[in-house]
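Each remark here refers to the structure printed beneath this line.
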Amino acid sequence: MRAARLSDRNLLRLIAGVDPDENEDLFALARKARKKHYGNGVYFRGLIEITNYCRNDCYYCGLRRSNAKLERYRLSLEEILACCRAGDRLGYKTFVLQGGDDPQLNDTRAVEIITAVRREFPGHALTLSFGERSRESYAAFFAAGGNRYLLRHESASEEHYARLHPPDMNPAARKECLRNLKDIGFQTGAGFMVGSPFQTPENLLEDLRFLEELQPQMIGIGPFIPHKDTPFGGAGAGSLILTLKMVALARIMLPKALIPATTALGTIAPDGWEQGLKAGANVIMPNLTPMAARRLYALYDNKVSAGDGAETLDYLADRIRTAGFTPEMGRGDALE
């Protein structure tokens with residue numbers, strides 16, 4: 024297998040393939056690409072889930088507005104800053120502020136939060152994940168001190184996207200958001216689920232080609248995991264091995280991207296994070312959210328939670344070292 028640009032035919036063959044030896048060759052090539060640009064370092068990010076309110080009604084997500092069984096919360100500004108202070112004491116140099124598409128997280132509120140975190144932590148990287156916004160909103164977030172923005176496109180296929188989302192959402196709008204983010208200057212993250220309902224190998228190929236066109240600095244790929252209180256609650260989870268293959272292909276096609284071993288990977292298998300790293304990922308995001316709120320940020324069932332204390336951080340760092348990698352607490356900006 025060569026790292027040169029793969030044809031659609033070869034990509035589809037790799038996506039649909041079941042040969043263990045070929046999979047191992049793919050993972051080895053991905054590790055080689057990652058090592059060339061980032062060495063064996065694994066960047067730690069402190070994740071803070073600031074709100075689980077969401078205006079959207081995505082069919083797969085436990086935060087969807089129609090889920091009346093979910094207890095909702097919003098962290099106060101002081102609670103968010105307390106999480107950042109705790110993370111700073113542990114050595115984190117990147118904070119990830121993530122939330123549902125909360126109607127009350129308007130531009131004024133978002134800028135207030137960004138400005139407060141930036142004022143107290145001027146040297147840290149600040150990653151935002153606040154959903155679809157106008158170009159003007161993104162520009163205001165960037166001016167206030169945001170560095171990175173995560174917005175998974177979920178499916179590049181219009182047909183498949185429509186089967187995962189209600190009619191008031193469309194993939195063209197999300198893709199335009201991603202292009203605006205890049206144009207404004209954010210280190211931009213896109214990505215998708217593997218094994219979501221109705222997904223085909225051709226859909227996954229379209230996802231990879233969209234990433235290749237967009238050239239995001241960050242790529243989030245995780246397995247679909249159902250949530251019982253959604254329309255897809257009875258669907259099966261995505262395949263671990265197929266997810267790992269998609270991580271590897273993303274690494275080979277965009278070798279300078281930052282690619283996390285996602286929480287969903289850690290949920291679907293006890294060693295899912297390690298397997299993700301061995302398939303080309305180089306980021307892990309332990310959770311700094313207060314425990315009472317953390318259990319309520321229920322995107323899917325049985326979400327694994329890496330704790331926020333020094334003991335947990337040491338445990339995760341030991342796992343990373345045992346897998347053959349080096350924990351890195353620096354900012355870990357993407358390579359341009």
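Numbering (the numbering used here), first residue to last: 24 to 359.
Ideal Cβ positions, reconstructed from N, Cα and C, are used throughout, including at glycine.
Keep in mind the model is a prediction, meaning the values are calculated, not measured.
Under three-state DSSP, which class holds residue i?
i	result
Phe348	coil
Arg97	strand
Gln210	strand
Ala39	helix
Tyr82	coil
Tyr172	strand
Ala333	helix
Asp191	coil
Arg28	coil
Tyr61	helix
Gly110	helix
Asp48	helix
Gly259	coil
Ala340	helix
Leu34	helix
Ala105	helix
Arg186	helix
Gly289	helix
In terms of residue numbering, what span does the alpha helix (DSSP H) encompassing residue i cover?
i	result
Arg202	Pro194 to Ile207
Ala284	No alpha helix (DSSP H) contains Ala284, which DSSP labels as neither H nor E.
Tyr161	Arg158 to Ala167
Pro224	Pro224 to Leu237
Val270	Leu263 to Met276
Thr253	Thr253 -> no alpha helix (DSSP H), and no H or E assigned at all.
Gln298	Gly295 to Lys301
Arg142	Asp130 to Glu143
Ala315	Met314 to Arg317
Give me the residue from the options with the minimum Cα distance to residue i.
i	options	result
Ala357	Val65, Glu47, Leu52 and Arg54	Val65
Leu120	Gln127, Asn129 and Val140	Val140
Leu300	Lys116, Ala316, Arg318 and Ala273	Ala273
Pro309	Leu339, Leu319 and Gln298	Leu339
Cys200	Ile282, Pro239, Met216 and Pro224	Pro239
Gly353	Ala315, Glu72 and Lys116	Lys116
Gln210	His183, Ile71 and Ile242	Ile242
Gly212	Ser219, Glu159, Arg202 and Ile136	Arg202
Arg88	Trp296, Pro189 and Arg175	Pro189
Ala148	Glu155, Arg132, Gly69 and Ala292	Gly69
Thr266	Ala39, Leu29, Glu182 and Ser157	Ala39
Thr349	Glu155, Asp80, Tyr61 and Phe118	Tyr61
Tyr82	Tyr184, Glu351 and Gly295	Tyr184
Leu336	Ala346, Leu311 and Tyr320	Leu311
Asn305	Leu322, Cys77 and Arg54	Arg54
Glu143	Ala105, Ala163 and Ala179	Ala105
Phe215	Leu204, Lys205 and Leu227	Leu227
Ala109	Ala346, Glu359, Ala333 and Glu351	Ala333
Strictly under 8 angstroms for the Cβ-Cβ distance: is residue i near chain C by that measure?
i	result
Arg57	Of the chains in the structure shown, none is chain C; there is only one protein chain.
When DSSP builds the beta bridges, which residues end up paired with residue i?
i	result
Glu72	Gln121
Phe215	Glu177 and Ile244
Arg54	Partner(s): none; Arg54 has no beta bridge.
Val306	Tyr66 and Pro283
Going by DSSP, what residue range makes up the beta strand (DSSP E) through residue i?
i	result
Val65	Gly64 to Phe67
Ala148	Ala148 to Ser152
Taking 7 angstroms as the line, does the beta carbon of residue i fall inside it for any heavy atom of the ligand COA?
i	result
Val65	In terms of ligand content, the structure shown is empty, and the ligand COA therefore cannot be addressed.
Rounded to the nearest angstrom, what separates residue i and residue j at their Cα positions?
i	j	result
Arg97	Asp324	20 angstroms
Met269	Tyr172	21 angstroms
Ile248	Met192	21 angstroms
Pro43	Leu49	10 angstroms
Leu234	Glu102	35 angstroms
Ala315	Asp111	21 angstroms
Arg344	Ala302	16 angstroms
Gly169	Leu151	7 angstroms
Ser160	Val41	45 angstroms
Glu72	Gly114	19 angstroms
Asp138	Phe165	The displayed chain sequence assigns Thr, not Asp, to residue 138. Rounded to whole angstroms, Thr138 to Phe165 spans 10 angstroms at the Cα level.
Thr286	Ser30	31 angstroms
Gly257	Phe221	13 angstroms
Ile207	Asp341	38 angstroms
Glu45	Thr131	51 angstroms
Glu47	Lys59	18 angstroms
Glu225	Glu182	12 angstroms
Gly347	Asn63	8 angstroms
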